[in-house]
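Novice: This is the structure I have questions about; it appears just below.
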């Protein structure tokens, strides 16, 4: 079997793996349609008389989901190399296919950052600090350009440096994915254990570079939406939720590949068990990080920090707003239920149960992204000078379109990559160990 | 038959090859024996499954310990700060589930660790002073290069002659009767 595979050319292997081209094309069409609808929303949002950032934020919400998922996958690939893990080898190959989407993610970032400068009259519609004439809502409305809190951060939060930083992050993400993919895929055709060693070295550097890049990307893209606020936990939170999204998508992908794809008969219950264990670990990690951030801010009780949570909890009259219920759903549905579910051994070895909890976690990961990204202060005539933008709005349709759009492109890139090589890395030094993996 | 009922613990069979031992364990399980145990010089992967042993019961003790710890933490913080000696600290409520969370969290971990440790002792019937297998003259060999398969007399299917001949047929290099 292995000698046959070694002599077969890669296109033949691609044909044997089921010829995924048509499915990839369907995803591409769905992706383009979704992005088109999201773009329409963005135009509408930018052209309104009173600039309204919400439909532009739809793009950010949809984008962040897949961006985080890809970062989580990049981390998982590097972690499995650095730990020299045997069991994960066949899973790592599926993650490597997804990494093909990183350059496309860079392209998809462009409309969100660039379009506000060409359409409408307020380039700072999403990131308020991009337009110094924006006035921040509050008891004492202040122009961004006169805001001492902005002026202190102006060295970081200015457009040229922002764009340079985004380019650096993507140089890290795309560069690492390219190197890891190239070494791994070339090894199928020209086996050489040195490539595995190379990947381990790349991962060693990558496990320093990736967390740095993802932390600052989270600061720039998400935390700077409300630039008065700061939390050192924010990058770690983004990492935690990214890992959970990556693991959830991995489990669902593996389920499809093992029931009707190239992994039929290769994936066994121990792979699901191992994934379930990591999934449980990151469920606890996410709760630890999210709660720590809340706990420290709650206990320190400093107004510069607490307003961010007040925004997500209270109306001006002291009653709970919609976001309070969103926050509670995160505690019970994003942490407690998945935690108890994944504690049980049986749930980790039954693929359908793993798929169920993955879908569940994906849904609440989206809710978590909403909680951390979407609430903004709208000017209002009350004691606080603002109201929080609501959770449930009609703009959610644009969120859905952006989510489907970016997702279509990511899945298209992954499936296109799957068609070019073998379903498993046949000459990886650890491949036998991975196939024979036992708990 | 009557003789061995008082002073016999079971039958011990020695194996020198891992595959033969692994197969033999499977055969013993298939023959319907329940009360038997293995002693190996190194961990043999999949041996639990081959012996027909289910999942450990220890997680139940862990869960009970964890829930107890969480509830204890909640109760003591409520009793101290909210009921017995209400005190305003940092403008926080007398009691809420947020500020004393580290107490609940740490007690959850502490008592689930206790539950795990003592649950492990309970399910393994530890501590005990001695075990009949220690009395076997070559016991030390199971730490070196020999696998032991011990079928206890307490097993309903145990029959001195039949069990001994079965173990000999399974490729055991030496079969001995263990004294209780």
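Protein chains in written order, with our numbering: chain A, 12 to 450; chain B, 9 to 188. Think of the CB as a built atom: it goes at the ideal place given N, C-alpha and C, for glycine as much as any other residue. Fair warning: this is a prediction, and the values are worked out from it, not measured in the lab.
Are the CB atoms of residue 251(A) and residue 296(A) nearer to each other than 9 Å?
Specialist: yes
Novice: Taking all protein chains shown into account, do 16 or more other C-beta atoms lie within 10 angstroms of the C-beta of residue 89(A), making it buried, or fewer, making it exposed?
Specialist: buried
Novice: Taking the continuous alpha helix (DSSP H) assigned at residue 113(B), which residues delimit it?
Specialist: 109-131
Novice: Round the Cβ separation of residue 362(A) and residue 283(A) to the nearest angstrom and send it over; I've been treating them as touching at under 8 Å.
Specialist: Contact holds; Cβ gap of about 6 Å.
Novice: Give the residues from the segment 50-63 of chain B that approach chain A closer than 7 Å (Cβ to any Cβ), ordered along the chain.
Specialist: Here the close residues are 53, 54, 63.
Novice: By how many angstroms is the C-alpha of residue 148(B) removed from the C-alpha of residue 15(B)?
Specialist: 22 Å
Novice: Taking any Cβ of chain E, which residues in the segment 308-337 of chain A have a Cβ under 8 Å from it, in chain order?
Specialist: In the displayed structure, chain E is absent; the protein chains listed are A and B.
Novice: Just reading off the beta strand (DSSP E) that residue 236(A) is part of, what are its end residues?
Specialist: It is not in any beta strand (DSSP E) - residue 236(A) carries neither H nor E in the DSSP assignment.
Novice: What does DSSP give as the partner residue(s) for residue 185(A) in the beta ladder?
Specialist: For residue 185(A), which the question treats as bridged, DSSP gives no partner whatsoever.
Novice: Which residues, taken in chain order from the segment 97-124 of chain B, show a beta carbon closer than 7 Å to some beta carbon of chain A?
Specialist: 98, 99, 106, 107, 109
Novice: Count the other C-beta atoms from every protein chain shown that fall within 10 angstroms of the C-beta of residue 379(A), then say buried if there are 16 or more, exposed otherwise.
Specialist: Its Cβ being crowded by 16 or more others within 10 Å, residue 379(A) is buried.
Novice: Could you tell me which residues DSSP puts in a beta bridge with residue 162(B)?
Specialist: Answer by DSSP bridge pairing: none, since residue 162(B) is not bridged.
Novice: Pull up the distance between the alpha-carbon of residue 399(A) and that of residue 150(A), whole angstroms please.
Specialist: Each residue's Cα considered, the two are about 14 Å apart.
Novice: Using a Cβ-Cβ distance under 9 Å, would residue 67(B) count as near chain A?
Specialist: Residue 67(B) belongs to the set of residues whose beta carbon lies under 9 Å from a beta carbon in chain A.
Novice: Starting from the N-terminal side, write out each stretch of the beta strand (DSSP E) that is 3 residues or longer and does not extend beyond the segment 43-117 of chain B.
Specialist: 44-47
Novice: Work out the CA separation of residue 277(A) and residue 165(B) for me, nearest whole Å.
Specialist: Here the alpha carbon of residue 165(B) sits roughly 39 Å from the alpha carbon of residue 277(A).
Novice: Taking C-beta to C-beta, are residue 318(A) and residue 239(A) nearer than 9 Å?
Specialist: yes
Novice: According to DSSP, is residue 398(A) part of a helix, a strand, or is it coil?
Specialist: strand
Novice: What span of residues does the alpha helix (DSSP H) with residue 390(A) cover, start to end?
Specialist: Premise fails: residue 390(A) lies in the beta strand (DSSP E), 388-390, not in any alpha helix (DSSP H).
Novice: Since residue 19(B) is in the alpha helix (DSSP H), which residue starts that stretch and which ends it?
Specialist: No alpha helix (DSSP H) contains residue 19(B), which is instead part of the beta strand (DSSP E) from 16-23.
Novice: Check for me: the alpha helix (DSSP H) holding residue 67(A) runs from which residue to which?
Specialist: 65-93
Novice: Comparing alpha-carbon positions, which option in 124(A), 135(A), 137(A), 376(A) lies nearest residue 260(A)?
Specialist: 376(A)
Novice: So, are the CB atoms of residue 48(B) and residue 69(B) less than 9 Å apart?
Specialist: no
Novice: Under the three-state reduction of DSSP, which class applies to residue 323(A): helix, strand or coil?
Specialist: Under the three-state reduction of DSSP output, residue 323(A) falls in the coil class, being neither helix nor strand.
Novice: Would residue 296(A) count as contacting chain B if we go by Cβ distances under 9 Å?
Specialist: For residue 296(A), the answer is no, since every Cβ of chain B falls outside 9 Å of its Cβ.
Novice: Give the list of continuous alpha helix (DSSP H) stretches no shorter than 4 residues that lie fully inside the segment 142-167 of chain A.
Specialist: 159-164
Novice: Thinking C-beta only, is residue 125(B) closer than 9 Å to residue 81(B)?
Specialist: no
Novice: Can you tell me whether DSSP reads residue 145(B) as helix, strand or coil?
Specialist: coil
Novice: Let me check one thing: in DSSP terms, what residues is residue 134(B) bridge-paired to?
Specialist: DSSP, once it has assigned bridges, lists no residue as partnering residue 134(B).
Novice: DSSP on residue 185(B), reduced to helix/strand/coil?
Specialist: strand
Novice: What do you reckon, are the CB atoms on residue 415(A) and residue 40(A) nearer than 9 Å?
Specialist: Going by C-beta atoms, residue 415(A) is not nearer than 9 Å to residue 40(A).
Novice: Would you report the Cα separation of residue 146(A) and residue 435(A), rounded to the nearest angstrom?
Specialist: 55 Å
Novice: Which one of 109(A), 152(A), 231(A) has the shortest CA to CA distance from residue 189(A)?
Specialist: 109(A)
Novice: Tell me where the alpha helix (DSSP H) around residue 294(A) begins and ends.
Specialist: 280-311
Novice: CB-CB under 7 Å to residue 244(A), same chain, minus the five flanking residues each way: which ones, in chain order?
Specialist: 300, 303, 304
Novice: Give the straight-line distance between the Cα atoms of residue 441(A) and residue 228(A), rounded to the nearest whole angstrom.
Specialist: Between the alpha carbons of residue 441(A) and residue 228(A) lies a distance of about 33 Å.
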